[in-house]
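Q: First residue of the sequence shown: 11, per our numbering; consecutive thereafter.
Cβ atoms here follow ideal geometry from the backbone N, Cα and C, with glycine treated the same way.
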Amino acid sequence: MNIKEDLYNTCEVFIDNRLKTVQHTIDDIKKSLTSETKSSAGDKHETGRAMLQLEREKAGNQLAEIQKIKETLAKIGTTKTSDIVNIGSVVYTSNLNYFISISAGELKAGNETFYAISPSTPIGQLLLGKTVGDSISFRNQEFIINEVF
Numbered sequence: 011m012n013i014k015e016d017l018y019n020t021c022e023v024f025i026d027n028r029l030k031t032v033q034h035t036i037d038d039i040k041k042s043l044t045s046e047t048k049s050s051a052g053d054k055h056e057t058g059r060a061m062l063q064l065e066r067e068k069a070g071n072q073l074a075e076i077q078k079i080k081e082t083l084a085k086i087g088t089t090k091t092s093d094i095v096n097i098g099s100v101v102y103t104s105n106l107n108y109f110i111s112i113s114a115g116e117l118k119a120g121n122e123t124f125y126a127i128s129p130s131t132p133i134g135q136l137l138l139g140k141t142v143g144d145s146i147s148f149r150n151q152e153f154i155i156n157e158v159f
């Protein structure tokens, strides 16, 4: 398996785990809403229901965000290569290695460490459109792009 496929699959697992967590939260909220019975303290009951509704709305927003991230990830081709940094690129620099995809943090592929970053992040914006030999400056550090595929 190649590094790009490895990183892509790790990103898929990352986003699937986030999806499961949010779905579990939504299920818990639904159970709480259906099991909540009217108590003698009516105001307390209504406040509890309102809080659960807010939590459900928040979880729904998280679910929508995860779906957008999944769609972004699905657009990445693991077999396509380019000399120019774009979405789906694996980028080796003189400092760190990046996978331009989704914000999934630190990933391991083989014995190497990569950072899965969204192209909309500040470092992602700096890397986009660059090629081997180009340098970028980020947080008072100079990076030289050593390899792109």
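(1) Given a cut-off of 8 Å, decide if L83 and I25 are closer than it, judged by their beta-carbon atoms.
(2) Counting C-beta neighbours from all protein chains within 10 Å, is the total for D37 16 or more, i.e. buried, or is it exposed?
(3) Near E152, which residues of its chain fall below 6 Å by C-beta distance, leaving aside the five closest residues on each side in sequence?
(4) Quick check: what's the CA-CA separation for T20 versus N96?
(5) Starting from T44, trace the alpha helix (DSSP H) both ways and give me its first and last residue.
(6) Distance check for N71 and G58, CA to CA, integer angstroms please.
(7) What distance in whole Å lies between the Cβ atoms of I127 and K140, which are believed to be in contact at a cut-off of 8 Å?
(8) So, for N105: in the same chain, excluding its five sequence neighbours on each side, which residues have a beta-carbon less than 6 Å away from its beta-carbon?
(9) Secondary structure at A69, three-state DSSP: helix, strand or coil?
A: For this structure:
(1) In the sequence shown, residue 25 corresponds to position 15, counting from 1. In the sequence shown, residue 83 corresponds to position 73, counting from 1. Contact: yes.
(2) Within the sequence shown, the letter at position 27 stands for residue 37. That one is exposed.
(3) Counting from one through the sequence shown, the residue named residue 152 turns up at place 142. Closer than 6 Å at the Cβ level, and outside the excluded window around E152, lie S145.
(4) The count along the sequence shown starts at 1 and reaches residue 20 at position 10. The count along the sequence shown starts at 1 and reaches residue 96 at position 86. Computed Cα separation, rounded: 19 Å.
(5) Along the sequence shown, one-based indexing puts residue 44 at 34. T44 -> alpha helix (DSSP H) spans 13-45.
(6) Here residue 58 is taken as the residue at index 48 of the sequence shown, counted from 1. Here residue 71 is taken as the residue at index 61 of the sequence shown, counted from 1. Between G58 and N71, the C-alpha separation is close to 20 Å.
(7) Counting from 1 along the sequence shown, the entry for residue 140 is found at position 130. Counting from 1 along the sequence shown, the entry for residue 127 is found at position 117. No, K140 and I127 are not in contact; Cβ-Cβ is about 14 Å, not under 8 Å.
(8) Translated into positions along the sequence shown, residue 105 becomes position 95. The answer, listed in chain order, is F153.
(9) Here residue 69 refers to the residue found at position 59 of the sequence shown. A69: helix per DSSP, three-state reduction.
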